[in-house]
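Positions 4 to 70 (the working numbering) are the ones given, in order, by the sequence shown.
All residues carry an ideal CB built from backbone N, CA and C; glycine is no exception.
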Amino acid sequence: MEHGKITTSMADFCKNTCPVCTRARAKGEGLFYNFVKLEEGLCPACRSYKKVYGLQAHEKPSRKEPD
4 MEHGKITTSM
14 ADFCKNTCPV
24 CTRARAKGEG
34 LFYNFVKLEE
44 GLCPACRSYK
54 KVYGLQAHEK
64 PSRKEPD
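Written out as structure tokens, the structure reads:
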């Protein structure tokens, strides 16, 4: 499925730049992880991440994703 430019750029922000989401995915537990689980329904970047990558913003990818 093709996603729009804004949706893709917001998903990339969530994946690579967002200080909260990147720490939540890296650790997989703790304060940031729980915060992202709570707020991902409100954050447009987290919703875009789910649309583009098919994962919740707090979930670690099962394999290494190509950059």
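Check whether residue i and residue j have beta carbons under 8 Å apart
| i | j | result |
| --- | --- | --- |
| residue 6 | residue 53 | no |
| residue 39 | residue 60 | yes |
| residue 31 | residue 63 | yes |
Residue burial classification, residue i (beta-carbon count within 10 angstroms, cutoff 16)
| i | result |
| --- | --- |
| residue 43 | buried |
| residue 27 | buried |
| residue 18 | buried |
For residue i, the three-state DSSP class (helix, strand or coil)
| i | result |
| --- | --- |
| residue 17 | helix |
| residue 34 | helix |
| residue 54 | helix |
| residue 5 | coil |
Neighbourhood of residue i by C-beta, 6 Å cutoff - its chain only, sequence neighbours within 5 removed
| i | result |
| --- | --- |
| residue 51 | 10, 13 and 14 |
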